[in-house]
Amino acid sequence: MGSLLTPSPEAATANKPTIVYLGTLLPAAAEFAASLSSRFNIIGYKPSSQEHFYNDLQSPTSPLAHASAILRLGGESTTGLANGWTIGVGRWTPTLPKTLSLLINMGHGLELEDIAGNAARGITVRSTAGGTDATATVALYLVISAFRLLGAAEKAARTGDPKAFVGAMTWASKNSLDPGGKSVGIIGYGRIGKRIGQLLHALDMRVNYFNRNQKETNEIGVAWNDLDEMVSAVDCVVLSCPYSRETHHILDRDRIELMKPGVRVVNVSRGKCVDEEALIWGIENGIIGGAGLDVYEFE
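Just remember that my numbering sits 1317 ahead of the position in the sequence shown, which is counted from 1.
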């Protein structure tokens, strides 16, 4: 069975809606949760497996069976669960309690959620979209690393082998570039994409972007209506688009063949937006000079 973290089942009262969070709250979040305790039953729960979690949700003696909202946190909250597990997907949807009206899964994007199936049961599905700055900062790091080839130098340094380090540094000195003055093309210009553009503009990079819905003019970026034209013109491509059928392998071999020799590629969107076999081909054939991946096609 899973373990209740707080409060005890006896502490849950029937006259207040119950919010269940999976995992352990950070101190600031715990303080906020405590401030809601006068209006809600706040129950922490650490599941040991999917089966146990859903059994507890359906057990009439469990306070989880009366949950109005469930929040799945990141990190340790997925202990004992399958990678990529989300709440209320597929065969699990009918087992959720009838009192449930809100499901929140940690992370950006909703492509993994059974939105229609849950909506039919009166359940709203949401993700946590507060990671804009955190994701954009990772993109900034990966762009710098891909241009300066810092990963190879770090890997060699960790070996403790002076010859390996000298070899890596010699190679990097011949192939690394400074991102300042280079052009970047951002695929997907929502909140995260715009923030990435701001950070890279601060590096003196020339910002370009492609967005399916060009609704506004951005003072620091040049909008492109043709993705193929953009990727063929820039020195670095950054993916920050949501995953969908339209963006599956949006960066494939055909587009990689259009790119400049030595182009850098960074992906902070979803792994399946990039055809990794094509990416490897591009690296091996000298088209891609450096890649920074926050996500992978098969995680």
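Glycine included, each C-beta is placed from N, C-alpha and C at the ideal position. Computed from a predicted structure; not experimentally measured.
Next item on the list: Give the secondary structure of Arg-1461 by DSSP, where H, G and I count as helix, E and B as strand, and everything else as coil.
Entry: First, the residue type needs correcting, since residue 1461 is Ile and not Arg in the sequence shown. The answer is helix: DSSP assigns Ile-1461 an H, G or I state.
Checklist line | Other residues of its chain near Asp-1571: CB distance less than 8 Å, five sequence neighbours each side excluded | finding: none
Note to self: Quick check: Arg-1465 and Asn-1422, are their CB atoms within less than 9 Å of each other?
What the structure shows: no
Next item on the list: Using three-state DSSP, classify Ala-1399 as helix, strand or coil.
Entry: Model confidence at Ala-1399 stands at a pLDDT of 41, short of 50, so the residue's coordinates are unreliable and nothing is read from them.
Check: Between Leu-1516 and Leu-1457, which are expected to be in contact by the criterion C-beta below 8 Å, what is the C-beta distance as a whole number of angstroms?
Finding: 5 Å
Checklist line | Buried/exposed call for Leu-1596, threshold 16 Cβ in 10 Å | finding: buried
Note to self: Cutting at 7 Å between CB atoms, please list the residues of its own chain near Gly-1607, excluding the five before and the five after it.
What the structure shows: Ala-1463, Phe-1464, Leu-1466, Arg-1581
Check: What is the residue span of the alpha helix (DSSP H) that Arg-1475 lies within?
Finding: 1467-1476
Margin query: With DSSP as the reference, identify every bridge partner of Gly-1539, one or two as the case may be.
Written below: Sequence inspection shows Val at residue 1539; the Gly mentioned does not correspond to that position. DSSP output for Val-1539 lists Asn-1525 as bridge partner(s).
Item checked: Limits of the unbroken beta strand (DSSP E) element including Thr-1412 -> Looking at the DSSP string, Thr-1412 is not in any beta strand (DSSP E), and its letter there is neither H nor E.
Notebook entry, point to check: Which first and last residues belong to the beta strand (DSSP E) in which Arg-1581 is found?
Noted result: 1580-1584
Next item on the list: Might you give, ordered along the chain, the residues of its own chain that have their beta carbon closer than 6 Å to the beta carbon of Ser-1394, omitting 5 neighbours on each side?
Entry: Its pLDDT being 45, under 50, Ser-1394 is placed unreliably in this model, and the coordinates cannot settle the point.
Notebook entry, point to check: Should Ser-1379 be labelled buried (16 or more other beta-carbon atoms within 10 Å of its own) or exposed?
Noted result: buried
Margin query: Report the CB separation of Ala-1384 from Pro-1414 in whole angstroms; it is logged as a contact under 8 Å.
Written below: 6 Å
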